[in-house]
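Input: a single structure, listed below in structure tokens.
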């Protein structure tokens, strides 16, 4: 039986006249798209365009809600209450779903963005608020989690018996506890393309990854997160996908096989 | 057979620490609520609270989308493209619907706010963009229109065979063409409470209204718009409702009888 | 020699159609005004109006910069860098000063708002960034500080040899370390009007205050912070001012005597 | 005596993580910079950085205030009152000036952005509000105007006896009335680099330009507006500057010679 993997990317993160990633080109590579919903990035015109393109290409759509902090791109921590997080997430999921509903399509997953995503792993209040918002909207949605422990987002998703998908990173080094090595530390981002490609293939086909300390960890990912903000990253993304396919991996949207 | 009327009000127009109307008290009077969706007013916490209260009280919920201009409260004209209006409206309807969906409830109607609402009557591009956004989201939604001619919002709603509901005003004087007398003109707002009550009753039970020039017009309203921003307006709203009921009118949400 | 005291209040905290305090009436009581600068609250029209009124009435004007979080009214902590705090504060001071410059007037003081103000006391990075922004704009500006230890805002202001003014609160209970008793604890806000008036008078004329544990502290305030968000608070503010004057205290803007 | 010309560009128009022009490289070409002030684009960190760089390089700084419409980049018309325009402009000028004051520098000029700039030419209310805001802030500031008739911004600036500087465009075709040919019309943007260079040189050294209809017009510009949003435009800008210098033109900030 073929191994399944989803390839996803954070897309639709422009705002008005501003653009970030090469959204159009990345949509030819990914099988799922994490779409910004207007708080940390994204605007209604961009959201509509991205939803239409994902629809045409059969790409799974995820909501990528963030903190209400556009100038900080949702990357600065904000001390919000349970109620504020619950409602900010529900508002953003609803807004994106409006565009999907207009196309007769459905949301596939939710992945909290930036600092909201980081807090979702380690803070119980944030995690519970996010899960309850997703669950109340649609309990069949897939929640993206990370393999670290604790990952409260996963804990609360499982309590509600919701589906989760584990995100793995192609070019980021892991610590021994499955957390990502901080970008401030040398070696946190793997730059050798061949290493990135082989490492991705090994994680997906062998379920193994070597940490920054040299330890071997078992890792089981459902979706591989790639970036498209530079031409180099896009070519690399393409190469990773081709290598996976050449090795018999079934690269397809999560919603089709999870 | 009893005459049916809906009573609605613009609610949930606070923002963060700011409040406008006595939302809680007005919810004991109205049968439908026009809820701000976060662009001209409203925020996720307020939207959730309002949706929960309308749910408890059996009140019909309408989306009240506005221009993306919070400091101007959506009252200043903005020159937007078809695409910008379509997506701004769809985004706002979707966001509000998220809160309804989380309660297992459905949206009843849409009424564009302020200057977006004014433009929806007289500008074909604005009207078509708004109607297409509503239709694409859910063709069974009721569109609030005014009895003026032309009212392009009505024209495009009818082209799509959507339900429309005519809004009538209790305390605003009409011109001979069914438009509202500008607030800059003396007599535009009727301040004598008894006149307002009797005028409302007459519009609803006799389908007649006297314009500012003294002309008699036939008027057939489906929903009576009331305000709750002062204690006086709230008491008046209560009195109007009681008078209608005492005269055998069936005051109930549009969704129940239209 | 008469004892001097300034009376200040947080004003101009409306936004667009929204109003908070009875700004106009409070301007007949205070001798200094802490004016919102557009980030947590305030908008250009409100700022101009407030500056004109303070100019007419001879009131000292302070900038009241806050976090870029309007929906949270600047009351939610945000994790910003030194550079972000420095530039957010400088931007806001400059914007308010534009309105003063247009009237031929000068800024008197700066008092950081809400959670930015709280952080300014206990976080060195925040305090240093705020002080450097104020100093670089105009080293003669007065910095409002609180009598707690540590108060890093005071530490950095003194390093730069800037003038500071100690804020005291009429109706808030103090802990033994001069910090304010948390609003979550009973007795944190003193509601008996006579107590508030006599306590204010005693702090100002005798430099003594009784803490929530009953301990006597020496306290030397330069400006008494009052609120104007309810009719009751406004009448109380008036009574406090009248009592101070009746007891020979010279109630005047800081800039005139500090 | 040498002919003087200023070269300017719209810079600092990024926002948070978003960037537009190659600001750093353009600062090696221009002699004046039109800096966004946070409404249509720009943020406090970007503003500080741009002000520091202009200071180091001896570049004249202009405020480039726009409509409060970030998602529309200030390019969509908004129907604002005199008071709203006056205060929006004054707020933005003050905010930018804060960064200049912190460096001991002064503002050189003001050029309204996008649709605010268009309206400033043809709408008397907008023009008067902008001029009064600039004048009240600092009557010695230079106002950028266009050679069209009427240009109400120029009319009101002259009434106040303020200095104006005429902006000319290197790569935009002119109509016979000195207005710019609409971008919707073929030939509106001149793409042949040699034509652009020679046309710029001729406008500046001979005060002549050929309109889109072939008519010869006399044109006297004080500042040549160039763009830096692509690598091509930047190379072209460099070539124009070098050609002007090679032909004996004195390319220097307006404030030095106007």
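Residue numbers (the working numbering), protein chains in the order written: chain A, 1 to 258; chain B, 1 to 258; chain C, 1 to 258; chain D, 1 to 258.
Just so you know, even glycine gets a beta-carbon here, dropped at the ideal spot from N, CA and C.
The distance from the Cβ of residue 93 (chain B) to that of residue 134 (chain B) is about 7 Å, consistent with a contact at the 8 Å cut-off.
According to the DSSP assignment, residue 45 (chain A) belongs to no beta strand (DSSP E) but to the alpha helix (DSSP H) extending over 44-57. Distance between residue 252 (chain A) and residue 87 (chain A), taken at the CA atoms: about 32 Å. For residue 136 (chain C), the enclosing alpha helix (DSSP H) begins and ends at 124-137.
Taking the Cα of residue 161 (chain B) as reference, the smallest distance to any Cα among B:179, B:178, B:139 and B:174 is reached at B:139. For the segment 87-105 of chain C, the set of positions with a beta-carbon nearer than 9 Å to some beta-carbon of chain D reads 87, 88, 89, 90, 91, 92, 93, 94, 95, 96, 97, 98, 99, 100, 101, 102 and 103 in chain order.
Contact annotation: in the segment 31-49 of chain A, residues whose CB is within less than 7 Å of a CB in chain D are 43. Here the C-alpha atom of residue 137 (chain C) lies approximately 45 Å from the C-alpha atom of residue 228 (chain B). Identification of chain B residues near residue 73 (chain C) by a Cβ-Cβ cut-off of 9 Å yields 16, 17 and 18, ordered along the chain.
The C-beta of residue 183 (chain C) comes no closer than 9 Å to any C-beta of chain B.
Ranked by how close their Cα comes to the Cα of residue 171 (chain C), the residues C:190, C:156 and C:157 have C:190 in first place.
Excluding residues up to 5 positions away in sequence, 146, 148, 151, 152 and 153 lie with their Cβ nearer than 7 Å to the Cβ of residue 121 (chain A) in the same chain. A straight line joining the alpha-carbon of residue 187 (chain C) with that of residue 25 (chain C) spans about 28 Å. Against residue 28 (chain C), chain D offers no close residue; the least beta-carbon distance is about 24 Å (beta-carbon pairs closer than 7 Å). Taken in chain order, the members of the segment 123-139 of chain D whose beta-carbon sits within less than 7 Å of a beta-carbon on chain C are 136 and 137. A direct Cα-to-Cα measurement between residue 43 (chain C) and residue 54 (chain C) gives close to 16 Å. A direct Cα-to-Cα measurement between residue 48 (chain A) and residue 33 (chain B) gives close to 28 Å. Spanning the alpha carbons of residue 233 (chain C) and residue 234 (chain B) requires a straight line of approximately 26 Å. Residue-level contact by beta carbon fails for residue 141 (chain A) and chain C, as no gap is shorter than 9 Å. Your pair residue 201 (chain A) and residue 247 (chain A) checks out as a contact, with CB atoms roughly 6 Å apart and the cut at 8 Å. Residue burial is scored here from C-beta neighbours: residue 199 (chain C) has at least 16 other C-beta atoms within 10 angstroms and is therefore classed as buried. Interface flag for residue 76 (chain C) against chain A is set, since a Cβ pair is found closer than 9 Å. For residue 70 (chain B), the C-beta contacts it makes with chain C under 7 Å involve 16, in order along the chain. At a beta-carbon threshold of 9 Å, the residues of chain A lying near residue 80 (chain C) are 72 and 76, ordered along the chain. For residue 169 (chain B), the uninterrupted beta strand (DSSP E) segment begins and ends at 164-169. Taking CB atoms only, residue 84 (chain A) has a neighbour in chain B less than 9 Å away. Between the C-alpha atoms of residue 123 (chain D) and residue 19 (chain A) there is a straight-line separation of about 33 Å.
Distances from the alpha-carbon of residue 10 (chain D) to those of D:203, D:1, D:22 and D:17 put D:22 closest. In the structure shown, the three-state DSSP call for residue 76 (chain C) is coil. Of all C-beta pairs linking the segment 94-112 of chain A to the segment 106-120 of chain B, fewer than three are shorter than 8 Å, placing the two stretches out of contact.
For the 9 Å CB-CB criterion, residue 254 (chain C) and residue 222 (chain C) form a contact. DSSP places residue 95 (chain B) in the uninterrupted alpha helix (DSSP H) bounded by 82-102. The Cβ-Cβ distance between residue 8 (chain A) and residue 236 (chain A) does not fall below 9 Å.
Proximity of residue 121 (chain A) to chain C, defined by a Cβ-Cβ separation below 9 Å, is not satisfied. According to the DSSP secondary-structure assignment, residue 250 (chain D) is paired through a beta bridge with D:4. For the 9 Å CB-CB criterion, residue 240 (chain A) and residue 181 (chain A) do not form a contact.
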